[in-house]
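Before any comments, here is the structure.
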Amino acid sequence: MITHKIGIKFFFTGPATKPLAEYIPVFHGWIQQQALPGHLLIDVHDYSHVHHGPGILLVAHEANLSV
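Encoded structure:
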């Protein structure tokens, strides 16, 4: 069995940057709609309290995405 786990983090800068907490309901909506084809979206974790941490983490079977 071949297993791969890919982690992607999007970095935003400038005045248009939103508070990280605003992404939580967006990611929950993606999970409810299974909005990323080819990915089984599972859960959302809030790591915004961790210095240089992953921020808001969207967990999928195939990859983890965070902002």
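Those letters in the sequence shown? Residues -14 to 52, per the numbering used here, in order.
Even glycine gets a Cβ: it sits at the ideal position worked out from N, Cα and C.
Check: Tell me which same chain residues have a C-beta within less than 8 Å of the C-beta of N49, skipping the five on either side of it?; Outcome: K(-10), I(-9), G(-8), I(-7), P39, L42 and L43
Check: Are the beta-carbon atoms belonging to S6 and L26 less than 7 Å from one another?; Outcome: Note that residue 6 is Ala in the sequence shown here, rather than Ser. Result no, Cβ atoms of A6 and L26 do not sit closer than 7 Å.
Check: Span of the beta strand (DSSP E) holding L29?; Outcome: The sequence as given places Val at residue 29; Leu does not occur at that position. Looking at the DSSP string, the run of the beta strand (DSSP E) that includes V29 is L26 to Y32.
Check: Indicate the three-state DSSP secondary structure (helix, strand or coil) for V11 in the structure shown.; Outcome: helix
Check: Spatial neighbours of F12 within its chain, please: CB distance less than 7 Å, with the 5 preceding and 5 following residues excluded, ordered by chain position.; Outcome: V29, I41 and L43
Check: Count the other CB atoms, across all protein chains shown, that sit within 10 Å of the CB of V52; report buried if there are 16 or more and exposed otherwise.; Outcome: buried
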